[in-house]
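Protein chains in written order, with our numbering: chain A, 22 to 501; chain B, 22 to 501. For glycine and all other residues, C-beta sits at the position ideal for the given N, C-alpha and C.
There are 2 protein chains.
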Amino acid sequence: MRFGSVIHILGFLMVFLSVAMVIPVPFSLYYGDQDYLALLSASGITLVCGILAFLFTRFDQELRPKEGFAIVTLGWLVFSFFGSLPFIISGYIPSFTDAFFETMSGFTTTGATILTDIEALPHGLLFWRSLTHWIGGMGIIVLSLAILPFLGVGGMQLFKAEVPGPVADKLTPRITETAKILWGVYLLLSAVETILLMLAGMNLFDALCHTFGTMATGGFSTRNASVGAYNSALIDFIIIFFMILAGTNFSLHFRFLRGDWRAYFRNVEFRFFMTIIGIALLLVGADTFRNHYSDPFEGLQKTLFQVVSILTTTGFGTADYEHWAFSSQFVLFTLMFIGGCAGSTGGGLKVVRIFILFKFVFSEIVRLLHPHAVVPVRIGRTVVPRDVMGNILGLFVLFMIIFVTGVFVMAALGLDIDSAFGAVAACLGNIGPGLGSVGPTDNYAHIPTAGKWVLAALMLMGRLEVFTVIILFSPTFWKK
Amino acid sequence: MRFGSVIHILGFLMVFLSVAMVIPVPFSLYYGDQDYLALLSASGITLVCGILAFLFTRFDQELRPKEGFAIVTLGWLVFSFFGSLPFIISGYIPSFTDAFFETMSGFTTTGATILTDIEALPHGLLFWRSLTHWIGGMGIIVLSLAILPFLGVGGMQLFKAEVPGPVADKLTPRITETAKILWGVYLLLSAVETILLMLAGMNLFDALCHTFGTMATGGFSTRNASVGAYNSALIDFIIIFFMILAGTNFSLHFRFLRGDWRAYFRNVEFRFFMTIIGIALLLVGADTFRNHYSDPFEGLQKTLFQVVSILTTTGFGTADYEHWAFSSQFVLFTLMFIGGCAGSTGGGLKVVRIFILFKFVFSEIVRLLHPHAVVPVRIGRTVVPRDVMGNILGLFVLFMIIFVTGVFVMAALGLDIDSAFGAVAACLGNIGPGLGSVGPTDNYAHIPTAGKWVLAALMLMGRLEVFTVIILFSPTFWKK
Numbered sequence: 022m023r024f025g026s027v028i029h030i031l032g033f034l035m036v037f038l039s040v041a042m043v044i045p046v047p048f049s050l051y052y053g054d055q056d057y058l059a060l061l062s063a064s065g066i067t068l069v070c071g072i073l074a075f076l077f078t079r080f081d082q083e084l085r086p087k088e089g090f091a092i093v094t095l096g097w098l099v100f101s102f103f104g105s106l107p108f109i110i111s112g113y114i115p116s117f118t119d120a121f122f123e124t125m126s127g128f129t130t131t132g133a134t135i136l137t138d139i140e141a142l143p144h145g146l147l148f149w150r151s152l153t154h155w156i157g158g159m160g161i162i163v164l165s166l167a168i169l170p171f172l173g174v175g176g177m178q179l180f181k182a183e184v185p186g187p188v189a190d191k192l193t194p195r196i197t198e199t200a201k202i203l204w205g206v207y208l209l210l211s212a213v214e215t216i217l218l219m220l221a222g223m224n225l226f227d228a229l230c231h232t233f234g235t236m237a238t239g240g241f242s243t244r245n246a247s248v249g250a251y252n253s254a255l256i257d258f259i260i261i262f263f264m265i266l267a268g269t270n271f272s273l274h275f276r277f278l279r280g281d282w283r284a285y286f287r288n289v290e291f292r293f294f295m296t297i298i299g300i301a302l303l304l305v306g307a308d309t310f311r312n313h314y315s316d317p318f319e320g321l322q323k324t325l326f327q328v329v330s331i332l333t334t335t336g337f338g339t340a341d342y343e344h345w346a347f348s349s350q351f352v353l354f355t356l357m358f359i360g361g362c363a364g365s366t367g368g369g370l371k372v373v374r375i376f377i378l379f380k381f382v383f384s385e386i387v388r389l390l391h392p393h394a395v396v397p398v399r400i401g402r403t404v405v406p407r408d409v410m411g412n413i414l415g416l417f418v419l420f421m422i423i424f425v426t427g428v429f430v431m432a433a434l435g436l437d438i439d440s441a442f443g444a445v446a447a448c449l450g451n452i453g454p455g456l457g458s459v460g461p462t463d464n465y466a467h468i469p470t471a472g473k474w475v476l477a478a479l480m481l482m483g484r485l486e487v488f489t490v491i492i493l494f495s496p497t498f499w500k501k
Numbered sequence: 022m023r024f025g026s027v028i029h030i031l032g033f034l035m036v037f038l039s040v041a042m043v044i045p046v047p048f049s050l051y052y053g054d055q056d057y058l059a060l061l062s063a064s065g066i067t068l069v070c071g072i073l074a075f076l077f078t079r080f081d082q083e084l085r086p087k088e089g090f091a092i093v094t095l096g097w098l099v100f101s102f103f104g105s106l107p108f109i110i111s112g113y114i115p116s117f118t119d120a121f122f123e124t125m126s127g128f129t130t131t132g133a134t135i136l137t138d139i140e141a142l143p144h145g146l147l148f149w150r151s152l153t154h155w156i157g158g159m160g161i162i163v164l165s166l167a168i169l170p171f172l173g174v175g176g177m178q179l180f181k182a183e184v185p186g187p188v189a190d191k192l193t194p195r196i197t198e199t200a201k202i203l204w205g206v207y208l209l210l211s212a213v214e215t216i217l218l219m220l221a222g223m224n225l226f227d228a229l230c231h232t233f234g235t236m237a238t239g240g241f242s243t244r245n246a247s248v249g250a251y252n253s254a255l256i257d258f259i260i261i262f263f264m265i266l267a268g269t270n271f272s273l274h275f276r277f278l279r280g281d282w283r284a285y286f287r288n289v290e291f292r293f294f295m296t297i298i299g300i301a302l303l304l305v306g307a308d309t310f311r312n313h314y315s316d317p318f319e320g321l322q323k324t325l326f327q328v329v330s331i332l333t334t335t336g337f338g339t340a341d342y343e344h345w346a347f348s349s350q351f352v353l354f355t356l357m358f359i360g361g362c363a364g365s366t367g368g369g370l371k372v373v374r375i376f377i378l379f380k381f382v383f384s385e386i387v388r389l390l391h392p393h394a395v396v397p398v399r400i401g402r403t404v405v406p407r408d409v410m411g412n413i414l415g416l417f418v419l420f421m422i423i424f425v426t427g428v429f430v431m432a433a434l435g436l437d438i439d440s441a442f443g444a445v446a447a448c449l450g451n452i453g454p455g456l457g458s459v460g461p462t463d464n465y466a467h468i469p470t471a472g473k474w475v476l477a478a479l480m481l482m483g484r485l486e487v488f489t490v491i492i493l494f495s496p497t498f499w500k501k
C-alpha cells in the first residue's frame, strides 16, 4: 500500500470539500442566520488539514487497485468527519456521533436523520446538509461508472464498453474524461429540476435543497413533513419524474442527450426498472386505492411517490406508509433491497443485479433438466462472464450476511424486530426512513450511540458496494 | 414423461402407506379409543387405490431424472392426501384443508399444527400423526443420500463417494442397498431413544411418539405444552442429544457404527454444525442466563434445547422464546434458514451450504485483490466443482425469492409482519413453530384457508430442496 499517494489524493479532495463548505454561506447571510461563522470555520480547518496532507505527501507513480479501494472508502470517511464540523461548531448538533451520523447519511445519499426538528436548523446548515447529498451523488456517479468497473466491483464491468468517454487502458485520463461528461449531465438535470420546482411554487432555497435530495437519491428535506409539507400534486410529480431519472444509469441520459432517443427503452435494465415500478404500484395500489385514498388521482400520486421514492432509495415522504397494510409495507421493504439502476445515484443491490440473479436461477433450473447443456446467463445479447456472475452472487450473499448481522446487533441494542429490520435495510440500502420506530414520520435520534455507529458503517458499506469496504479488513490488503 | 412408470411406483408406495396406517391400531385398541375404525377405513381406501394404480400401469424400462423428480414431489403429495384420511374420517379434523395441512406438516417433518388442543385427540390418531414424521424422515434420508445426488440437486453431490453402499452406475440397485443401510441406522437410533425415554419416565406410547418427532426432526408432540409438559431435565437432554444426531449426516452414523470413531470430528460440516450451536448458545445465552434463568443449569437446559430444536428444524419446545429478548428471537429466526446437515432429516438450507456460501464470499474477496488468481472453494480437501457451486448459489437465491414471495402473500392475507416472517420461515425451513401469532405457544388454526395451502406448499418445497418442486412448473419438463 502506497500510503503517500492515498493521503495525497485525500488532501486534494479535502481542499475541494473546504470550497464546497463556503457555498451555503450566501444563503446564511441572505436569511440573516449566524451559522455562516460555523461553516467558514469548518471550511478553514478542512482547508488547512487538506493542504498539509497534500504538501507533506507525494503522488507515487500510478494508482493500483489497492490504492483505489483505500481512497474510495477513506474518502467517504474523511468527508463525513470534516463535513460534520459545521453542525458541531454551530452547536446545532452538539454530539459528535449525531453529527457524524447525519453527515455520513448525507454523503452516502441515505437521508436518515437524527434531527427531531429539521425546521429549527438555520438556512446555512440546512443547505450544507442537502449539499452533502449532491456531492455524494457526484462521487457515486464517477465511482460506479468510471472507477469501480476497473477495480472489478459493482456489476458495471458488464458495461465497460457502454460507459461514455475515450476507451483507454490507463485509469486516470479515462476517469477524468468520463467524470466531466457525467457531471455535465448531473448538473444539467439538477438545473432543470430546480427551475421546475421554482415554477411549481418553491423558493430558490427549497428548490435547490430538494433538487440535491432528488438527484442524489438522498432524501433530506428542509421540512419536518418532507415533500408532503408542500401538499402539491405538481411538486410531487416533478420529484417522482426526477427520482426516476436519478435512479437510471447516467450513461443512458448522456446517450439520450446526444440524440439517441431510444436509449432508455433499448436498455434491458431500464425496462426491468420500469417493470418493477409497475408491479410494486399494482401490489401496493391494491391496498392503498381501496383502503386509503377515495380519489384515484390522489391514490396514484401518493402510492407512486412512495414506491419510486423507496425503490430509487431516495426516501422522501408524502404519506405515512406505516398506516398502509402490512403487505404494502413489506413490498416497500423488499424494494429497499433492489434499489436503483447500476450507474445511477441510487443504492441497494441495483436493478441489473436482481435481473441477473433471476436469470441465474432460471439457468440453474434448465441445467437440472439438461445436465450437459451449457446455459449462459445473458443480459440483452451479452453473455454475463463467469467472474462478473461470481461477483454478483458474492455480493448478494455478503449483503445478506451483513443484513442479518446488522439486524442482530440492532436487536441486541434493544430495537424491536420491525425497527431493527427497517433501520438496517434503510441504512444498508441507503434509503433513509425504515419501519417501526424509524418509520417515515420518525427519526434516528433515539437509537443508542453504538447503534448509530453501526448504522453509519452500514450506510458506507451499502453505498460502496460492500466489497470496497470489506476488502480493507483483509490482512493481505495491507501487505507491502 | 413416462406417466405409466410414475403412477406405477406411486401405487406401490401407497400400498406401503396403507400398511403403515394399521400400525397405530393396537394403540387405539389398548387405550379403548374408537379411532381404529377411521384408521382401518383410510388404510382400506389407500390400499384399493394403490393396487388399482399399480395394476393398471406398467413400469417402463429404467427411470430417467424427469420421472425421479415427478415421483418425489407427487409421492409427498399423494402421501399427504391419503395420510389425511384418518383425521377426516374420524371427524377429529373435519376440514380437508386442516387435515391436509397437518399431514403435509407431518410427512415433511415440519411439525406445524392446526390443533388447538392436541391432547383431545384419541391415541390412534396421535400415534398416526407422529408416525407421519417418522415415515417422512425415512423418505428424506433416502432422498437426500441416495436419490437427489444423482438428480443433481441437494448439495450432496459433493459426497457421492461418501455415501455408503455399492458404487454403481444404475440408480435402482444402489438406492436399494443404500436405503437398507441407512434405514438400519435410523431404526437403531430410534430404538435406543425410545428405550432411553422410557427409562427417563415416559410410557411406551409417549416415548415412541416423541422418538418419531425427534429422529425425523419433526416436532409433533402428544402434549399441548410439547416436551415442556414433562418438566424433566433428563428427558430434555436425551432429546437434545438425539435431535443433534438426527440433524447429522446419517452416513457419519453408519461409519461411526462400523468402528470409525473419529468419523464425526473429521467431517467439516459436522464441526461447523457444532460451531453454529456453540455461537447460537452464546448469543442467546447472553440474554437468557441473565434475564430469564437464575439457575445456570436450567439456563443451559432451556437455551440449548431451543437452539438445537430450531437449528435441527425439529421445533419441540420447553420454553416460550417469545418472552426472550428480540436479539434471541432473531438468532432463532436466523437458525431456521440454516437447518441441519446434508444427509440428515433436518430441513433448511443445510449447514454445508451455509459453510460453502461463506467460503465463496471469502474467495470473491481474495479474487478482487488478485484478479488473475484462481481461487477455488474447498470443503476439507475437496474442491467444490463449478456446477455444484452454481446449484448451491441458485438454491440460495431461489430460497430467498420464495421466502419474500411467501411473506408478501401471508401479509396480504392479513398476517402482521412478525407472524408472516415467522410462519414462512418456519414452514419453508420445516421447523414448525415460528414467531408472532404462530409462536411456540400458538398454532396455525387461525391462518386463513388460502394461507394454509400456501404454507403447505412452502413445507413441500422446503423439504424437497425447492428445485425438485419448482422444476415441475417448467413447461419443458412435461414435453415428450
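For residue i, go through chain A and note every residue whose CB falls closer than 7 Å to its CB, in chain order.
i        : result
B:GLU385 : GLY411, ASN412 and GLY415
B:PHE498 : LEU390
Tell me which residues share the same chain as residue i and place their Cβ nearer than 7 Å to its Cβ, disregarding the 5 neighbours each side in the sequence.
i        : result
A:MET35  : THR67, CYS70, GLY71, ALA74, VAL99 and PHE103
B:ARG580 : Nothing in the structure corresponds to residue 580 of chain B, since chain B is present only between 22 and 501.
B:ASP190 : Legend: pLDDT at B:ASP190 = 41, less than 50; position of this residue unreliable, no value from coordinates given.
Which same chain residues end up closer than 8 Å to residue i when comparing Cβ atoms and leaving out the 5 residues on each side of it in sequence?
i        : result
B:VAL269 : The sequence shown places Thr at residue 269 of chain B, not Val. So the list reads TYR285, PHE291, PHE294, GLY361, CYS362 and SER365, once near-sequence residues are dropped.
B:ILE168 : GLY89, VAL93, LEU192 and ILE196
A:THR296 : none
B:ALA41  : LEU152 and ILE156
Please list the partners that residue i has in chain B, where partner means a Cβ-to-Cβ separation under 8 Å.
i        : result
A:VAL428 : PHE351
A:THR355 : VAL425 and PHE429
A:ASP439 : ILE438 and ASP439
Just mark residue i as buried or exposed, buried being the case when its beta carbon has 16 or more other beta carbons within 10 Å.
i        : result
A:PHE318 : exposed
B:GLN55  : exposed
A:LEU152 : buried
A:ALA471 : exposed
A:VAL475 : buried
B:VAL184 : Model confidence at B:VAL184 stands at a pLDDT of 48, short of 50, so the residue's coordinates are unreliable and nothing is read from them.
A:PHE337 : buried
Along chain A, in chain order, which residues have C-beta atoms closer than 8 Å to that of residue i?
i        : result
B:SER495 : ILE386, VAL387 and LEU390
B:VAL289 : Near B:VAL289 there are no residues of chain A at all, since even the closest Cβ is about 19 Å away, more than 8 Å.
For a contact meaning CB atoms closer than 9 Å, what does residue i contact in chain A?
i        : result
B:PHE488 : GLU385, ILE386 and LEU389
Near residue i, what residues of its chain come up, given a Cβ to Cβ distance below 6 Å and the 5 sequence neighbours on each side ignored?
i        : result
A:VAL27  : GLU88, ALA91 and ILE92
B:ILE109 : ALA120
B:GLY443 : GLY455, LEU456, GLY457 and VAL459
Closest to residue i by C-alpha separation, out of the options, would be which residue?
i        : options                                   : result
A:ALA246 : A:GLY239, A:LEU485, A:PHE379 and A:THR137 : A:THR137
A:GLY299 : A:LEU166, A:VAL352 and A:PRO397           : A:VAL352
Going along chain B, which residues have a C-beta under 7 Å from residue i?
i        : result
A:SER348 : PHE429, ALA432 and ALA433
Residues of chain B with CB under 9 Å from residue i, in chain order?
i        : result
A:ILE422 : LEU378, PHE379 and VAL382
A:LEU419 : VAL382, GLU385 and ILE386
Counting beta carbon pairs with one atom in the stretch 222 to 239 of chain B and one in the stretch 110 to 118 of chain B, are three or more of them shorter than 8 Å? no
Is there contact between the stretch 392 to 408 of chain B and the stretch 299 to 313 of chain B, where contact requires at least three CB pairs shorter than 8 Å? no
Take every Cβ of the stretch 248 to 256 of chain B, pair it with every Cβ of the stretch 272 to 286 of chain B, and state whether three or more of those distances are shorter than 8 Å. no
Pairs of beta-carbons, one from the stretch 152 to 163 of chain B and one from the stretch 490 to 498 of chain B, closer than 8 Å: are there three or more? no
Could you tell me whether the stretch 457 to 467 of chain A touches the stretch 434 to 443 of chain A, where touching means 3 or more Cβ pairs closer than 8 Å? yes
Touch check for the stretch 44 to 53 of chain B and the stretch 134 to 149 of chain B: three-plus C-beta pairs under 8 Å? Contact between the stretch 44 to 53 of chain B and the stretch 134 to 149 of chain B is present: three or more C-beta pairs spanning the two stretches fall below 8 Å.
Quick test of the definition: if touching needs 3 or more C-beta pairs under 8 Å, does the stretch 418 to 433 of chain B touch the stretch 311 to 328 of chain B? no
Check whether the stretch 410 to 422 of chain B and the stretch 318 to 332 of chain B touch, using three or more Cβ-Cβ pairs below 8 Å as the test. no
Is the stretch 229 to 240 of chain B touching the stretch 207 to 216 of chain B, taking contact as three or more C-beta pairs under 8 Å? The stretch 229 to 240 of chain B, when compared against the stretch 207 to 216 of chain B, does touch it at the 8 Å Cβ threshold.
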